[in-house]
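K.L.:
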Ligand SMILES: Cc1cc2nc3c(=O)[nH]c(=O)nc-3n(C[C@H](O)[C@H](O)[C@H](O)COP(=O)(O)O)c2cc1C
Ligand code: SF4
Ligand code: SF4
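Numbering (our numbering), first residue to last: 1 to 443.
(1) Within a Cβ cutoff of 6 Å, which residues of the same chain sit near residue 42, ignoring the five residues on either side of it in sequence?
(2) Please go through the same chain and pick out, in chain order, the residues whose beta-carbon is closer than 7 Å to the beta-carbon of residue 142, but skip the five residues on each side of it.
(3) My understanding is that residue 286 touches residue 305, with C-beta atoms under 8 Å, so please give their C-beta distance in whole angstroms.
(4) Quick check: the segment 377-395 against the segment 337-357, are at least 3 beta-carbon pairs closer than 8 Å?
(5) How is the beta strand (DSSP E) around residue 102 delimited, first residue to last?
(6) Please report the Cβ distance between residue 50 and residue 145, rounded to the nearest whole angstrom; I am assuming they are in contact, meaning their Cβ atoms lie under 8 Å.
(7) Ordered along the chain, which non-local residues of its own chain (more than five positions away) have a Cβ less than 6 Å from that of residue 155?
(8) Tell me whether residue 433 is buried or exposed, calling it buried when 16 or more other Cβ atoms sit within 10 Å of its Cβ.
(9) Between residue 140 and residue 44, which are expected to be in contact by the criterion C-beta below 8 Å, what is the C-beta distance as a whole number of angstroms?
(10) Just to confirm the assignment: which complete beta strand (DSSP E) runs, minimum length 3, are found wholly within the segment 341-413?
(11) Relative to the alpha-carbon of residue 340, which residue among 310, 193, 425, 56 has its alpha-carbon at the smallest distance?
(12) Using a threshold of 7 Å, is the CB atom of residue 371 nearer than that to any non-hydrogen atom of ligand 2?
(13) Per DSSP, residue 437 forms a beta bridge with which residues?
(14) Closest to residue 361 by CA distance: which of 321, 350, 181, 374 is it?
(15) How is residue 79 classed by DSSP in three states: helix, strand or coil?
(16) Regarding residue 166 and ligand 3, is the C-beta to nearest heavy atom distance less than 7 Å?
(17) Do you know whose CA, among 402, 213, 322, lies nearest residue 442's CA?
(18) Between 328, 15, 237, which lies nearest to residue 282 when the distance is taken from Cα to Cα?
(19) Measuring CA to CA, which of 381, 194, 122 is closest to residue 524?
(20) Pick helix, strand or coil for residue 229, following the three-state DSSP scheme.
(21) For residue 55 and residue 87, what's the separation of their Cα atoms in angstroms?
(22) So, residue 321 versus residue 280, is the Cβ gap smaller than 8 Å?
(23) Can you find the residues in the same chain that come closer than 7 Å, C-beta to C-beta, to residue 6, ignoring five residues on each side of it along the sequence?
(24) Report buried or exposed for residue 240, applying the criterion of at least 16 other Cβ atoms within 10 angstroms of its Cβ.
(25) Considering only their Cβ atoms, is the gap separating residue 208 from residue 252 smaller than 8 Å?
(26) When you measure from the CB of residue 400 to every non-hydrogen atom of ligand 3, does any distance come out below 7 Å?
(27) Do residue 421 and residue 413 have their beta-carbon atoms positioned less than 8 Å apart in this structure?
(28) I'd like to know whether the C-beta atoms of residue 101 and residue 138 end up nearer to each other than 8 Å.
(29) Where does residue 31 fall in DSSP's three states?
(30) For ligand 2, is there a heavy atom less than 7 Å away from the beta-carbon of residue 394?
(31) With a threshold of 8 Å on Cβ separation, who are the neighbours of residue 355 within its own chain once the five nearest residues in sequence on each side are excluded?
(32) Note down the Cα distance separating residue 151 from residue 238, rounded to an integer number of angstroms.
(33) Residue 133 and residue 188 - do their beta-carbons sit closer together than 8 Å?
(34) Quick one: what's got a C-beta closer than 7 Å to residue 259's C-beta in the same chain, skipping five residues either side?
(35) Could you have a look at residue 252 and say whether DSSP puts it in helix, strand or coil?
(36) Taking 8 Å as the cut-off, decide whether the C-beta atoms of residue 367 and residue 398 are in contact.
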């Protein structure tokens, strides 16, 4: 168990989050009742559900959650919830003062969320209300996948956030009139992320939340029609989203190292929180995992982070925040300046097995080149060196540590063991000299 000397807090613009695991905007914290439950579960920050002055955005069809469990996607679904059901003025009078009070008592920052709309002046009215009620910061949902109805009113794209002119006007207006930090929320559908970040940051955005959920659709193959909703819409969360969201955050951080990013998307495990922090995100938000597993997921995420810090010997988050960015290469592998050879067989890099720790589970037999032959009966696993292209697919599938790995046949050096960066892909100038031989790896 972790020790008390670990400080999990993160700070930004005078705001202290007691730990970096926060709620993402959603029904997880949309009134005093739900906020109290988040606080009781140890969240480090609360982002409210998004409020709007547009009554049509407060509507929702029923059903509005269509789970994908029957499609074999146990942690994914599509939701058509839209924005908060209460008028924002009413929420400001009834729920927000209570939410502010309980967050202040718990010393947990409260970030009010308001919707991006085509009318920045009316957004300012809402923003002033949220500032005056005592929110520590404001998040502007500029990426709600449900706002495609406004497309006639904006010059391009399907959500307000895709209109650069509208975003610049909004960001400048709020920066001029609102004292608390204002954070703008990106959609994973806004490409390329660094281009949007540039426009938003240069206009005066204090931080960027990355990311909202994309839209999507499933097809019911028995009925031969769309599943639940006949529209490409809704929020589509799920754990598979982690690498997409982190990849985009890394792109923004590389372009703007000082940008403050509040990452979320697919956070289901403590390791997801840690990955976001290592990628340079200030916080790691969670929504769909709290639906799927209840708000009890929050102490598990925080506890897992603390245990990992103890294991690594870290006593504060800043000691490792953004550390993985130092090992991000320039440029991307497809235009890597190292002259990779055109592959041919036999390959100089092939998979190798440590038969002593192989459990003969057969997972790796799916080698796309049929280079692996396993006999559970005879307890043998043969990798045909004349067929193995050194692609690495099998190594990622093996559930046993240091059992299947890639070697350089000329030197017997381990070039990838399913951990960290593979040797041939290391950024130039950062190549480690710690490569082991196969014997050293399994020793
Ligand atoms: C049920 C539900 C409601 C959501 N409501 C909002 C919202 O009102 N405003 C907003 O900015 N994002 C909203 N989101 C998006 C989440 O804040 C978050 O960006 C997205 O779901 C990715 O995180 P996750 O994978 O942890 O769910 C909602 C997501 C879900 C699943
Ligand atoms: S590295 Fe690729 S080609 Fe070689 S055995 Fe594994 S899956 Fe097959
Ligand atoms: S996946 Fe790993 S443990 Fe399973 S058969 Fe292959 S080498 Fe052995």
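All C-beta atoms in this analysis are idealised placements derived from N, C-alpha and C, irrespective of residue type, glycine included.
P.N.:
Well, looking at it:
(1) Counted from its first residue, the chain shown places residue 42 at position 42. The answer, listed in chain order, is 298, 299, 302.
(2) In the chain shown, the residue the question calls residue 142 occupies position 142. Excluding positions up to five away in sequence, the list reads 116, 160, 161, 167, 184, 185.
(3) One-based indexing of the chain shown puts residue 286 at position 286. One-based indexing of the chain shown puts residue 305 at position 305. Contact flag wrong, Cβ pair sits at about 12 Å.
(4) yes
(5) Indexing the chain shown from 1 puts residue 102 at position 102. Run containing residue 102: none in the beta strand (DSSP E); it sits in the alpha helix (DSSP H), 96-106.
(6) Your numbering for residue 50 matches position 50 in the chain shown. Your numbering for residue 145 matches position 145 in the chain shown. No, residue 50 and residue 145 are not in contact; Cβ-Cβ is about 12 Å, not under 8 Å.
(7) For this step, residue 155 is matched to residue 155 along the chain shown. Unreliable positioning characterises residue 155 in this predicted model, as indicated by a pLDDT of 44, which lies under 50. The coordinate reading is nonetheless provided below. Hits under 6 Å: 163.
(8) The residue you call residue 433 lines up with position 433 of the chain shown. With a pLDDT of 49 at residue 433, under the threshold of 50, the predicted position of this residue should be treated as unreliable, and no value is reported.
(9) Residue numbering aside, residue 140 sits at position 140 when the chain shown is read from its first letter. Residue numbering aside, residue 44 sits at position 44 when the chain shown is read from its first letter. Their Cβ separation, rounded to whole angstroms, is 21 Å, which puts residue 140 and residue 44 out of contact at 8 Å.
(10) 349-353, 372-375, 380-383, 404-408
(11) Residue mapping note: residue 340 aligns to position 340 of the chain shown, counting from 1. Closest in alpha carbon position to residue 340, among 310, 193, 425, 56, is 425.
(12) Walking along the chain shown from the start, residue 371 turns up at place 371. Residue 371 Cβ: within cutoff of ligand 2.
(13) Looking up residue 437 in the chain shown gives position 437. Per DSSP, 413.
(14) By one-based count along the chain shown, residue 361 stands at place 361. Nearest option by C-alpha distance: 374.
(15) As a position in the chain shown, residue 79 is number 79, starting the count at 1. Under the three-state reduction of DSSP, residue 79 is assigned to strand.
(16) By one-based count along the chain shown, residue 166 stands at place 166. It does not: the Cβ of residue 166 is nowhere closer than 7 Å to a heavy atom of ligand 3.
(17) Start at 1 with the first residue of the chain shown, and residue 442 comes out as number 442. For residue 442, the nearest C-alpha among the options comes from 402.
(18) For the purposes of this step, residue 282 is taken as residue 282 along the chain shown, with counting starting at 1. The shortest Cα separation from residue 282 among 328, 15, 237 belongs to 15.
(19) Beyond the ends of the chain as shown, which are 1 and 443, falls residue 524; an answer cannot be given.
(20) Taking the first residue of the chain shown as 1, we reach residue 229 at position 229. Three-state result, residue 229: coil.
(21) Indexing the chain shown from 1 puts residue 55 at position 55. Indexing the chain shown from 1 puts residue 87 at position 87. Each residue's Cα considered, the two are about 7 Å apart.
(22) The residue you call residue 321 lines up with position 321 of the chain shown. The residue you call residue 280 lines up with position 280 of the chain shown. Closer than 8 Å, so yes.
(23) In the chain shown, the residue the question calls residue 6 occupies position 6. Cβ within range, chain order: 306, 309, 310, 315.
(24) Position 240 of the chain shown, counted from the first residue, corresponds to residue 240. The residue is exposed, with fewer than 16 neighbouring Cβ atoms inside 10 Å.
(25) Reading the chain shown from its first residue, position 252 is the one you call residue 252. Reading the chain shown from its first residue, position 208 is the one you call residue 208. In this structure, residue 252 lies near residue 208, with their beta-carbon atoms less than 8 Å apart.
(26) On the chain shown, residue 400 is found 400 positions in, with the first residue counted as 1. Under cutoff, so the answer is yes.
(27) On the chain shown, position 413 is the one that residue 413 refers to. On the chain shown, position 421 is the one that residue 421 refers to. Contact flag unset, no.
(28) The residue you call residue 101 lines up with position 101 of the chain shown. The residue you call residue 138 lines up with position 138 of the chain shown. No, they are not a contact pair.
(29) Position 31 of the chain shown, counted from the start, is the residue given in the question as residue 31. Reduced to three states, the DSSP call for residue 31 is coil.
(30) Mapped onto the chain shown, residue 394 falls at position 394. Result yes, Cβ under 7 Å from ligand 2.
(31) Looking up residue 355 in the chain shown gives position 355. Result list for residue 355: 379, 380, 381, in chain order.
(32) Counting from one through the chain shown, the residue named residue 151 turns up at place 151. Counting from one through the chain shown, the residue named residue 238 turns up at place 238. Caution applies to residue 151, whose pLDDT of 47 falls short of 50 and renders its modelled position unreliable; the model cannot decide the point.
(33) Position 188 of the chain shown, counted from the first residue, corresponds to residue 188. Position 133 of the chain shown, counted from the first residue, corresponds to residue 133. No.
(34) What you label residue 259 is simply residue 259 of the chain shown in a count that begins at 1. If we look at residue 259 and ignore the five residues flanking it on each side, its Cβ neighbours are 197, 201, 208, 252, 253.
(35) Along the chain shown, one-based indexing puts residue 252 at 252. Reduced to three states, the DSSP call for residue 252 is helix.
(36) Position 367 of the chain shown, counted from the start, is the residue given in the question as residue 367. Position 398 of the chain shown, counted from the start, is the residue given in the question as residue 398. It is not a contact, given that the beta carbons lie outside the stated cut-off.
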